[in-house]
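Asks: This note's numbering puts the first residue of the sequence shown at 1, with every later residue one more than the last.
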Amino acid sequence: MFRLTVCLLTYNSARLLHQVLTPLIRIADEMVVIDSGSSDKTLSILEGYGIAPIYHPYAMHGEQMNMAISRSSNDWVLCVDSDEILDEPTLDYILALKSGEEPPADSGWSLSRYWYVLGEQTRTIYPISSPDFPLRLFHRRYVKFNNRPVDDKATGAARVTRIPGHVRHDTFYSLHEVFNKLNAYTTRVVQYQTLRPSIARGAISAVGAFFKWYVFSGAWRQGKTGVVTGLYATLYSFLKYFKAWYHHQDKRESAARGHKDSHPVE
């Protein structure tokens with residue numbers, strides 16, 4: 001038998017927080033919540049559950065998770081986002097796991113996570129196919145999250161077992177949220193990754209993304225939700241290269257102005 005700390009990230013998470021916390025309370029021996037500055041009812045909801053969150057300004061998702069892991073008083077942790085809702089089969093599996101013998105420290109378990117867009121279960125959301133199976137339950141001395149700007153992962157477990165169930169990942173709940181995340185993610189990619197600054201490459205990538213993530217994936221069968229996920233993939237593929245190109249042009253223009261201003265006036 002082992003004790004389990006649930007590590008949860010929040011930021012203006014009041015929309016789903018009761019649904020997220022209710023199952024987690026059943027399996028948690030300890031709750032560590034990292035909040036990055038919520039201004040809605042998130043903090044009062046946490047207070048109602050007797051949870052005192054730790055404030056940490058947001059940098060990247062992996063960094064936030066690693067901060068939560070570092071604050072755990074138990075070695076075994078379950079890492080969850082505030083838009084992920086665990087179902088009964090997932091809870092039953094984790095409770096049974098906790099009640100048995102403590103597993104080898106290099107073991108890990110992945111959640112069966114199903115993505116929802118605008119309230120509807122979807123088959124794809126660029127660059128993920130649904131369901132996906134992220135490693136989320138592990139020994140904190142063996143596993144950490146990497147610092148990829150988008151789509152970060154927990155790595156380090158020698159053997160990973162999939163937990164059966166249906167974890168509802170209720171993301172992109174409105175059109176505003178879709179475009180807000182599209183803008184944030186593409187900006188983050190340009191900031192932390194090296195991309196070729198090319199509008200032409202962006203256009204080619206966008207066309208390829210449209211066919212792969214809308215036509216060939218079958219998203220077209222999902223009506224307006226499929227259109228949204230297809231458009232998201234297309235715009236994401238274009239915008240990351242366009243923003244890289246725009247940033248590159250800004251740097252060139254700034255350098256040219258600096259060179260011009262450095263010439264003495266005679």
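The beta carbon of each residue, even a glycine, is placed where N, CA and C say it ideally should be.
Determine the extent of the beta strand (DSSP E) in which M67 is found, giving its start and end residues.
Replies: Unbroken run through M67 is the alpha helix (DSSP H), 61-70; no beta strand (DSSP E).
Asks: Output needed for D83: all residues of its chain with C-beta closer than 7 Å, excluding positions within five of it in sequence on either side, in chain order.
Replies: The residues are L16, H169, D170, T171.
Asks: In three-state DSSP terms, what is Y185?
Replies: Of the three classes helix, strand and coil, the one that applies to Y185 here is helix, per DSSP.
Asks: Could you pull the DSSP bridge partners for F145 from this structure?
Replies: According to DSSP, F145 bridges with A154.
Asks: For Y142, which residues in the same chain have their Cβ closer than 7 Å to its Cβ, ignoring the five residues on either side in sequence?
Replies: Here the set comprises A105, D106, G156, A157.
Asks: Cβ of E88 within 9 Å of Cβ of F145?
Replies: No; because the gap between Cβ atoms is not below 9 Å, this pair is not in contact.
Asks: Which one of E120, F242, K181 has the shortest CA to CA distance from G223?
Replies: For G223, the nearest C-alpha among the options comes from E120.
Asks: Would the beta-carbon of L86 fall within 9 Å of that of L4?
Replies: Against a cut-off of 9 Å, the Cβ pair of L4 and L86 comes out as no contact.
Asks: Hey, S174 and G208: beta-carbon distance below 9 Å or not?
Replies: Going by C-beta atoms, S174 is not nearer than 9 Å to G208.
Asks: Can you find the residues in the same chain that come closer than 7 Å, C-beta to C-beta, to R140, ignoring five residues on each side of it along the sequence?
Replies: Excluding residues within five positions, the ones whose Cβ falls inside 7 Å are I69, S72, D75, V77.
Asks: Quick one: what's R15 bridged to in DSSP?
Replies: Paired residues: none, contrary to the question.
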